[in-house]
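Number of protein chains: 4
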Amino acid sequence: MDVIALRREFHRYPELGFREFRTAGRVVEILTSLGYAVQWGFEVMEESTRQDVPADAEIDAAYQEAAGAGVPAHVLEKMRRGLTGVVAVLRGKREGPVLAFRFDMDALPVEESRDADHLPAREEFRSQIAGRMHACAHDGHTAIGLALAHHLAGGDFAGTLKLIFQPAEEGVCGGALSLIEKGVADDVDRMFCLHLMANMQVGEVYASTRYLASAKMIAEFFGTPAHAGGAPQKGNNALLGAASALLAMHALPPYPGQETRVNVGTLTAGTAQNIIPAYALMSLETRAKSREVNDDLVRRVEQIMQGSAQMYGLRYAMRTTGEATTYEADPALVELVQEEAHLAGFKDIHACYDSSVSEDGPFFIRHVQQRGGQGSFISVGTGMEEAHHTTRFDICEEVLPLAVELLRRLAVRILR
Amino acid sequence: MDVIALRREFHRYPELGFREFRTAGRVVEILTSLGYAVQWGFEVMEESTRQDVPADAEIDAAYQEAAGAGVPAHVLEKMRRGLTGVVAVLRGKREGPVLAFRFDMDALPVEESRDADHLPAREEFRSQIAGRMHACAHDGHTAIGLALAHHLAGGDFAGTLKLIFQPAEEGVCGGALSLIEKGVADDVDRMFCLHLMANMQVGEVYASTRYLASAKMIAEFFGTPAHAGGAPQKGNNALLGAASALLAMHALPPYPGQETRVNVGTLTAGTAQNIIPAYALMSLETRAKSREVNDDLVRRVEQIMQGSAQMYGLRYAMRTTGEATTYEADPALVELVQEEAHLAGFKDIHACYDSSVSEDGPFFIRHVQQRGGQGSFISVGTGMEEAHHTTRFDICEEVLPLAVELLRRLAVRILR
Amino acid sequence: MDVIALRREFHRYPELGFREFRTAGRVVEILTSLGYAVQWGFEVMEESTRQDVPADAEIDAAYQEAAGAGVPAHVLEKMRRGLTGVVAVLRGKREGPVLAFRFDMDALPVEESRDADHLPAREEFRSQIAGRMHACAHDGHTAIGLALAHHLAGGDFAGTLKLIFQPAEEGVCGGALSLIEKGVADDVDRMFCLHLMANMQVGEVYASTRYLASAKMIAEFFGTPAHAGGAPQKGNNALLGAASALLAMHALPPYPGQETRVNVGTLTAGTAQNIIPAYALMSLETRAKSREVNDDLVRRVEQIMQGSAQMYGLRYAMRTTGEATTYEADPALVELVQEEAHLAGFKDIHACYDSSVSEDGPFFIRHVQQRGGQGSFISVGTGMEEAHHTTRFDICEEVLPLAVELLRRLAVRILR
Amino acid sequence: MDVIALRREFHRYPELGFREFRTAGRVVEILTSLGYAVQWGFEVMEESTRQDVPADAEIDAAYQEAAGAGVPAHVLEKMRRGLTGVVAVLRGKREGPVLAFRFDMDALPVEESRDADHLPAREEFRSQIAGRMHACAHDGHTAIGLALAHHLAGGDFAGTLKLIFQPAEEGVCGGALSLIEKGVADDVDRMFCLHLMANMQVGEVYASTRYLASAKMIAEFFGTPAHAGGAPQKGNNALLGAASALLAMHALPPYPGQETRVNVGTLTAGTAQNIIPAYALMSLETRAKSREVNDDLVRRVEQIMQGSAQMYGLRYAMRTTGEATTYEADPALVELVQEEAHLAGFKDIHACYDSSVSEDGPFFIRHVQQRGGQGSFISVGTGMEEAHHTTRFDICEEVLPLAVELLRRLAVRILR
């Protein structure tokens, strides 16, 4: 099984969160053919735990797209309503612990570059879907997971191997939580997540990764419309409320050592040029190194919503649409990863990377740790300079077999 | 011809600007049957003069809707691409001046009330189209125009009667200008526009109306996206730029005696919670009593765009999507309207109403005046309290025959 | 008595509100010498009614300045604490009504121009006091009042003449109210105020003047200081609160036809670059044509203070430091002023001027009207272009005898 | 020499930056009596290098205060114009390196607490000067320096001891730079600075301290005044400019890992409620871990000034009034401090403290390092909870002899 060919296949057909029907269908197909016990869809995901779920029409469109691409009906049916997770289990020949790896599968609403020096363009595996792109390496993650499944397919180990293919990591809107809530990580003793990282060299690896806690929110202002020429004083201007609020949110003070962030990512307000805007909708996020500080930011964001509503005579509403947590890697695993990374051929090996983004993988690790297990989140360099989520993001593909080898060695070591 | 029945017919099928296919089709049908020389579509409108034209798909959808409702193909074809104006001419039996009346036909994107005490609901002529409504009395204007055509159909007068049915008055985005540019007002000697007004009693009339000059604009900021957690400092935040700009625009100082207004009516910005917004689009308007002051406001709005772009490292663009001008009514016509209003049965007659909204009718009057003619814009009370553009807007229908009689008397007086 | 010479004398020594010791001393001196019954200081002013009173040290400094300039101690003593009003009464030889004129005496904190074409500089009666200037013609008003007193000194009329010389009109902080509260206008039957106006020609006069209602306020935010480097998140930033609030105040919507105004005139906040500002003080004003709309603006300003405090975790306080009201002139007086203006030699005579500034003279007129009397506020053109309150403000002095003649004729007419 | 008694003496008479005449006078007196070669005033400071120097009147007042307190004229005279630095040199009996210690002497504009549980209040050495306080432990630093001088007074060592008593550390406005520019650190081989730290325990010490780079700035907007009622549209509002600018400055994005800070610490704007504010003055600061990022923040602050000026039709000006740099401690010195701290009796010894404030001590160390020497900045815990710069700041005085012993041991070790 050629991990690079697999990555290119997934790269061609990027799918957004809770709509990874085609990708998941292919994952089910391969894992089944390798002899794994595969469950997917409603068997492995709790529907109600998801947040920020796309509209039914969008899910249906993706579903039809996958059906049209040949994903069998019996595979698709279990995933109706966007339950696109897959879990494969292989019991070894001897007793032993349960070891799980998580791989995420979703892509991003980014238009991929057509530049001649962009490898997917030059080598003709560029995204076939306008406005969607694997700009965060999840195509690579999925391919690594399948290649790992291939290497370990014989089951010649002690204990149980569990491979979790997760939808909807982007936006941390419940892809991980809906799998956890269904119980797929309840029996796991050792848990690894992995991410390929731009701005680290090929051969560079961090045995653990700290992520920022984060909250994603929708915040709304409700005012009163009025004719902007005839009676502007009768309006309560929701857009002015949003402008004051978002400036204040971005002006929240930094918390020393906490890498705090606030971003109002979108705003939509108003109906027409000649009407005082009576409605404004913002989507925003906060981040911090600690959950407590992130909670404090959320509290201050709500305080700003209240105050800005008061200033302009508005009502407001706020709700959470996603969240990410923090965890601390187990030192024993960190040491083990470093040792095996050396043997796998990595040259530049570190204990911990402090990321300034957020992930929902830590929910898996925290869950396993709370039940007595251990976990770590590994970061693997891909030797490229273009940032994640940009139109020219790419990976040096030579990292793919290297990452597979590291995970394979970890599995053999732990399941021995 | 029952002006009230006609009004109710139009009320049932409201159509938005540059999409009044069904309404215009019915206007063509009636005027033709009355013996008027009728031209419409590309015959009477200059396509390029329009601003803020709907997308082709929206125009096509309305076109198909009208075709489905039975508007004949030979009528519709001339209106393709949204050229929905109609001009009817009737030459009298003797020589005389050219007298023109303008009526507007477009509706608004407002959902009509279902309240039992809302006449159109009770009498079952409520809008049949979800989310669209004749909430500015243009249904009444169109009905008045057709009833007037009926009364004068014999042509027993001196000179020429010209009835102009205009699309797209709302948003002052070129409905009037595209007709004027095509020359339909070039030969006019006397020009009247008319508007039915809430908050004036039935029997109340103003022989002239002053409107505010206005400009409608689209303003855009272009920044740089960046990951809001990983590299926020690499972004150039278009939404912050828009927030600063719109607060500054609303804070522009009042000009004494000028009834200045600025409204940022809509804002759309950003793509996702975790991305620094790289794009923001605002639609906005300015108003003032004089064109010069309105031009000054537009200049200051652009200065704010420039400055806010500079603050946040953005580029900006601005374009005008609509405009309204001012005019001064000719005293001779004002006096004449007052006299005939008295005879027509109006009880509360005034010389001039200072409106705080904008209209594109003044473009017609200004054009006629610049060529040596005269004009005035008449405001007629409808005895209702609900404001224009609201979900419960309505008119006392008894005003309809009263308005028809006023216009009929004016025609007979001028064309004698 | 040369009204021009008197004006130049007052022009040389401008004094700010509640500190007009030297001016008032001279007024007392002249009026006493003319045989009027003169009262001043605590005899004519209620101390507690004043707002925004200068600090004791500033009042004392002005007091000492006046003492040094030779104002007699017995005159000054009654004015201690800044009670610088003067009221002169002359009973006529016959029974008749009480007629009052109000003249204001205070100057402004403006540095007077030294330009060669600025008359006071060329003719060497420029302000002798750095940073203070009669830039609003009150020097002219005071001179007119004294010249009028001179002309009528014989008392050859029916009824009573009352001349009120008022301090502290600028800032409308209680100069008028403290005289009214003491009762000086209680017996008045006819009341006139007068203002010399730039931007009107010599010979131009308005028999009445409408002013805007206004409120002057102090608004404070109280936050929490914190080290801006070490613990910025522990601060509650009063300056951010003030910035959001003042932008929102300036963005309050215009009220159609009301000439609404909001101005945050000053802001002082913070203690040092490295401390989160814990205090902010704003002084601001609102204006509108009607008292009700002005009250509504004040309510909205307070709503903004509340909301902005809530946004940033601050406390706030607000208090009024000045106010101006509106009045409607009595038509009988307006007609009478127009007639006498014609006889006095004015060429361009109007009924009413709509001013866009505020005055506390209307408090006198409203008070007299509420007790059954009549009043009007006269505006007299001075034929200059430089705006009031600017460094090059001046008047054409030929207007001075013209204004005296108008007031003299009014007195003779009313007191006959 | 009792270091605690000395500290209490300095605590009673706090003096602000470039006005430490009495403190410096006492330092000169003691050091001279101990046999050091002492230079001060213009002998050790370059006048032109200072920034944000107080007004002459303030310097003179402090000068007179010191003269009144008995500081001899010959001592004071060299310090005229606020050159209040003192440098003492003692040559040892043998050849050896030059070792320098820096101590800062200035106090803060804070009113000291009178709480009974505040030691200086209870023990009656509270600040004798209203509104000034040693709220940052510089009284302790100065006392430590003098006690150290006492211990080493015999000169029984190899090399040269140089004790630098620096004015004006607060605000990093050139206290250090003016000494360096004069050359006092040119011959130094080993350089230590020291700060007593709240929120660290007595017995806790950090052998080196990283500070944030910082810039302190004054930023001004120049607009056009106008009457806020009569002609607000003629004004160019500097206060609106400042409000928009400061919100944008506080909304500058965080730089990952850089502990970036922006604070607009003060704002003063406008002249009166009824005048459009024509001038605004802000003092502000930026901070970051690296000089490059701090420079980038300064660039963005200026970009915001430019843009906000453009928005409101203003001019702007910016100038730097202070700056702090970064340095990296020499590992050899860090190790040496740790060893001697252990011997001196410290219990909790660390290599490096990451401070989130700024200091100008790093200028000394960077200067010495650039000439081939070594340096470090030591942080010593004082076991108190009240934050620096607050009204109840204090130190556990038992730390004073402990700190003296550490420095003494370092001197003996290095100068052996």
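Protein chains in written order, with the working numbering: chain A, 1 to 416; chain B, 1 to 416; chain C, 1 to 416; chain D, 1 to 416.
No residue lacks a Cβ here, since even glycine has one placed at the ideal position from N, Cα and C.
As the structure is a prediction and not an experimental result, all values here were calculated from the model.
8 Å Cβ cut-off: residues of chain C touching residue 231 of chain A: 256
Are the beta-carbon atoms of residue 143 of chain A and residue 384 of chain A separated by less than 9 Å? no
Hey, does residue 267 of chain B have any beta-carbon neighbour from chain D nearer than 9 Å? no
Give a yes or no on contact between the stretch 262-279 of chain C and the stretch 175-188 of chain C, applying the rule of three or more CB pairs nearer than 8 Å. Segment contact: the stretch 262-279 of chain C against the stretch 175-188 of chain C, fewer than three CB-CB distances shorter than 8 Å; contact not assigned.
For residue 379 of chain A, list the residues DSSP reports as bridge partners. Bridge pairing for residue 379 of chain A: A:195 and A:206 [DSSP].
In three-state DSSP terms, what is residue 87 of chain B? strand
Using a C-beta to C-beta distance shorter than 7 Å, which residues of chain B count as neighbours of residue 216 of chain A? 273
If I follow the unbroken alpha helix (DSSP H) through residue 250 of chain C, where does it start and stop? 238-250
Could you name the residues of the same chain whose beta carbon sits closer than 6 Å to that of residue 351 of chain A, not counting the 5 residues immediately before and after it, in chain order? 207 and 334
Are the stretch 337-356 of chain A and the stretch 296-308 of chain A in contact at 8 Å, needing three or more beta carbon pairs? When C-beta atoms of the stretch 337-356 of chain A are compared with those of the stretch 296-308 of chain A, fewer than three pairs fall below 8 Å, so the two segments do not count as touching.
Quick one: grab the DSSP three-state call for residue 13 of chain B. coil
Using a C-beta cutoff of 9 Å, does residue 287 of chain B count as contacting chain A? yes
By how many angstroms is the C-alpha of residue 66 of chain C removed from the C-alpha of residue 130 of chain C? 16 Å
If you follow the beta strand (DSSP E) that residue 108 of chain D is part of, which residue opens it and which one closes it? Residue 108 of chain D -> no beta strand (DSSP E), and no H or E assigned at all.
What does residue 439 of chain D pair with, by DSSP beta-bridge criteria? This structure cannot speak to residue 439 of chain D, because chain D is shown only from 1 to 416.
Provide the residue span of the alpha helix (DSSP H) that contains residue 68 of chain C, from first to last. Its alpha helix (DSSP H) spans residues 56-68.
Is there a C-beta anywhere in chain A that falls below 9 Å from the one on residue 55 of chain B? Chain A contact via Cβ: absent.
Can you pull the chain C neighbours of residue 339 of chain B, defined as C-beta to C-beta under 7 Å? Those do not exist, as residue 339 of chain B stays about 28 Å from chain C at its closest Cβ, beyond 7 Å.
Is it buried or exposed for residue 156 of chain B, if we count other Cβ within 10 angstroms and need 16 for buried? exposed
Give a yes or no on whether the minimum CB-CB distance between residue 436 of chain B and chain D is below 9 Å. Because chain B spans 1 through 416 in this model, residue 436 of chain B falls outside it and cannot be assessed.
For residue 381 of chain A, tell me which candidate among A:374, A:371 and A:394 has the shortest Cα-Cα distance. A:394
Local conformation of residue 364 of chain C per DSSP, three classes: helix
Residue range of the alpha helix (DSSP H) that includes residue 21 of chain A: 21-33
Do residue 287 of chain D and residue 212 of chain D have their C-beta atoms within less than 9 Å of each other? Yes, the pair counts as a contact, with Cβ atoms nearer than the cut-off.
Go through its chain and collect everything with a Cβ distance to residue 354 of chain A's Cβ below 6 Å, but skip five positions before and after it. 210
So, is the C-beta of residue 308 of chain A closer than 9 Å to a C-beta in chain B? no
Nearest neighbour of residue 100 of chain D, chosen from D:375, D:248, D:294 and D:77 [CA to CA]: D:375
Is it true that the CB of residue 249 of chain B sits closer than 9 Å to the CB of residue 433 of chain B? The shown model of chain B, from 1 to 416, leaves out residue 433 of chain B, and the question about it has no answer.
Identify whether residue 51 of chain C lies in helix, strand or coil by the three-state DSSP scheme. coil
Are three or more beta carbon pairs between the stretch 14-23 of chain C and the stretch 83-90 of chain C nearer than 8 Å? yes
Quick test of your reading: residue 399 of chain C and residue 196 of chain C, contact by CB under 8 Å. State the CB separation rounded to the nearest angstrom. Contact flag correct, Cβ pair sits at about 6 Å.
Taking 9 Å as the threshold (beta carbon to beta carbon), is residue 354 of chain D in contact with chain A? yes
Touch check for the stretch 101-112 of chain B and the stretch 36-53 of chain B: three-plus C-beta pairs under 8 Å? no
Out of curiosity, what's the CA-to-CA distance linking residue 363 of chain D and residue 178 of chain D? 11 Å
Beta-carbon gap between residue 360 of chain D and residue 169 of chain D smaller than 9 Å: yes
What residues of chain C sit near residue 357 of chain D, judged by a beta carbon separation below 7 Å? 227, 229 and 230
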